[in-house]
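J.: Be aware that the sequence shown starts at 1107, since it is given in the working numbering, and climbs by one per residue.
Just so it is clear, CB atoms sit at the ideal spot from N, CA and C, and this is done for glycine as well.
All values derive from a computational prediction rather than experimental measurement.
Structure provided below as structure tokens; questions to follow.
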Amino acid sequence: MHKSFPIILLILFGFSNTTYAQLGFSHEVGIIAGPVAFQSDYGQRYDYKTNLGNTGIGIGIIHYINFSYAAECNCYTPETYFNDHFKLRSELSYNKTELEHLGEWVKPERTSLGADQLRAMKGSTQLTNIGMQLEYFPYSIRDFTARNGSLGPFVSLGAQFSYYNAEAHSTLGTLGTPLSTFPKYLTPSDNRPYGFSTESNSVWSIVTSLGTRYKLTPLRDLMIDLRFQYFFSNWVDGLNPNPDIYKENKANDWLVWLNVGYIYYLQ
1107 MHKSFPIILL ILFGFSNTTY AQLGFSHEVG IIAGPVAFQS DYGQRYDYKT
1157 NLGNTGIGIG IIHYINFSYA AECNCYTPET YFNDHFKLRS ELSYNKTELE
1207 HLGEWVKPER TSLGADQLRA MKGSTQLTNI GMQLEYFPYS IRDFTARNGS
1257 LGPFVSLGAQ FSYYNAEAHS TLGTLGTPLS TFPKYLTPSD NRPYGFSTES
1307 NSVWSIVTSL GTRYKLTPLR DLMIDLRFQY FFSNWVDGLN PNPDIYKENK
1357 ANDWLVWLNV GYIYYLQ
């Protein structure tokens, strides 16, 4: 199933864009890329080094429905508040993050077996995402489009469906033994034999972002976008110690993605 999943996403992505194309609205396409900070069960909670250390990279392709302009007549649509302040964004993206335990409990001065086990434990997660966001521009989209060098700030809210591939291992040996595995990860959790898992699965998430566009030319924009993505699962990183026992790990996984994009207006 996992080998065909990206193909299915591409088909759905293309079908969605074709459907909107038939409605006569104008379209924009673009690419995005930037660093991802994954907040997971690796490392110390609320630790600055952990937040900066467990990072990766994300890339994606995006498509916009521009309600303010009609491609079929090469003219503006009726001037309603919705048409002049909202765009619908579709996205297909991929990110990967390498994960490790950082913070207080793995400092060099800690020489216990538990500290060695945490230092030896490594992981990663890969995510393929498809979804939509409704972007709100507080200032007029038409005014932004008309002036080179203008800024178009926006906020957005939407949902994504993701397919993740999580991996966990230890340099001390196979995970699942008292020699290689920190005790909290040996406890059964969520119908799994351990508090870790190497699995591929799907998950829904809520996505919200804050960003701005910069008008380069009449048909080209630059964009910077800070995204927050919250997953409805605590297994996306491959770790989920029993939340009934280990309260510090009960929160679901989430990430922050700072991406820069290049957008082209189709005519």
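Should K1155 be labelled buried (16 or more other beta-carbon atoms within 10 Å of its own) or exposed?
T.: exposed
J.: Contact check, N1355 vs D1222 under 8 Å by CB: the rounded distance?
T.: The Cβ separation is near 20 Å, so there is no contact.
J.: Please work out which residues of its chain come closer than 8 Å, Cβ to Cβ, to I1165, disregarding the five sequence neighbours upstream and downstream, and give them in chain order.
T.: Here I1165 has I1137, I1138, A1139, S1199, Y1200, N1201 as same chain residues with Cβ atoms under 8 Å from its own Cβ, once five neighbours each way along the sequence are excluded.
J.: Between which two residues does the beta strand (DSSP E) holding F1338 run?
T.: Per DSSP, F1338 lies in no beta strand (DSSP E) segment and is marked neither H nor E.
J.: If you follow the alpha helix (DSSP H) that R1225 is in, where does it begin and where does it stop?
T.: Judged by DSSP secondary structure, R1225 falls within the alpha helix (DSSP H) whose first and last residues are 1219 to 1226.
J.: So, does the region 1270 to 1285 touch the region 1328 to 1344, judging by three or more C-beta pairs under 8 Å?
T.: yes
J.: For A1127, does the three-state DSSP call read helix, strand or coil?
T.: With a pLDDT of only 45 at A1127, under the threshold of 50, the placement of this residue in the model should not be trusted, and no figure is reported.
J.: List the whole-angstrom C-beta distance separating M1141 from L1364, where the pair is believed to meet the contact cut-off of C-beta under 8 Å.
T.: Residue 1141 is actually Pro in this sequence, not Met. With a Cβ gap of about 6 Å, P1141 and L1364 count as contacting.
J.: Whole beta strand (DSSP E) runs in the region 1304 to 1361 with 3 or more residues, listed along the chain?
T.: 1306 to 1323, 1326 to 1337
J.: Please classify T1251 as buried or exposed, where buried requires at least 16 neighbouring CB atoms within 10 angstroms.
T.: buried
J.: Where do the ends of the alpha helix (DSSP H) carrying F1188 lie?
T.: 1187 to 1191
J.: In whole angstroms, what separates the C-alpha of S1303 from that of T1231?
T.: 11 Å
J.: Can you tell me which of P1294, K1353, F1173, L1285 puts its alpha carbon nearest to the alpha carbon of S1132?
T.: F1173
J.: Do T1234 and S1196 have their C-beta atoms within less than 8 Å of each other?
T.: no
J.: Identify whether N1157 lies in helix, strand or coil by the three-state DSSP scheme.
T.: helix
J.: Could you check which residue in T1314, L1372, A1226, P1289 has the C-alpha nearest to that of L1325?
T.: L1372
J.: When the Cα of L1332 is compared with those of G1317, P1294, T1323, L1322, which residue comes out closest?
T.: Comparing Cα-Cα distances from L1332 to each of G1317, P1294, T1323, L1322, the minimum goes to G1317.
J.: Do the CB positions of S1295 and N1346 come within less than 8 Å of each other?
T.: yes
J.: May I ask which residues mark the beginning and end of the beta strand (DSSP E) holding F1260?
T.: 1257 to 1276
J.: From the DSSP secondary-structure annotation, give me the bridge partner or partners of L1240.
T.: L1194, L1263
J.: Quick one: what's E1136 bridged to in DSSP?
T.: Position check: residue 1136 holds Gly in this sequence, whereas Glu was assumed. The partner list for G1136 (beta bridge, DSSP) reads I1168, I1369.
J.: According to the neighbour-count rule (16 or more other Cβ atoms, all chains shown, within 10 Å of its Cβ), is A1265 buried or exposed?
T.: Here A1265 is exposed. Its C-beta has fewer than 16 other C-beta atoms within 10 Å.
J.: Tell whether a beta-carbon distance below 8 Å holds between G1149 and G1209.
T.: With respect to G1209, G1149 sits close: the two C-beta atoms are nearer than 8 Å.
J.: Pull up the distance between the alpha-carbon of L1134 and that of F1243, whole angstroms please.
T.: Here residue 1134 turns out to be Glu, not Leu, going by the sequence shown. Roughly 16 Å separates the two Cα atoms.
J.: Judging by CA-CA distance, which residue of I1369, Y1352, S1315 is the nearest neighbour of L1093?
T.: For the chain, the structure presents residues 1107 to 1373; residue 1093 sits outside this window and is missing.
J.: So, at 8 Å on beta carbons, what are the nonlocal neighbours of G1220 in its own chain, with the 5 sequence-adjacent residues on each side left out?
T.: Closer than 8 Å at the Cβ level, and outside the excluded window around G1220, lie W1211, F1288, P1289.
J.: Determine the DSSP secondary structure at Y1200, reduced to helix, strand or coil.
T.: strand
J.: Considering only C-alpha positions, which residue in the set Y1320, S1311, E1305 is nearest to V1362?
T.: S1311
J.: Considering D1249, what are the terminal residues of the alpha helix (DSSP H) in which it resides?
T.: 1247 to 1252
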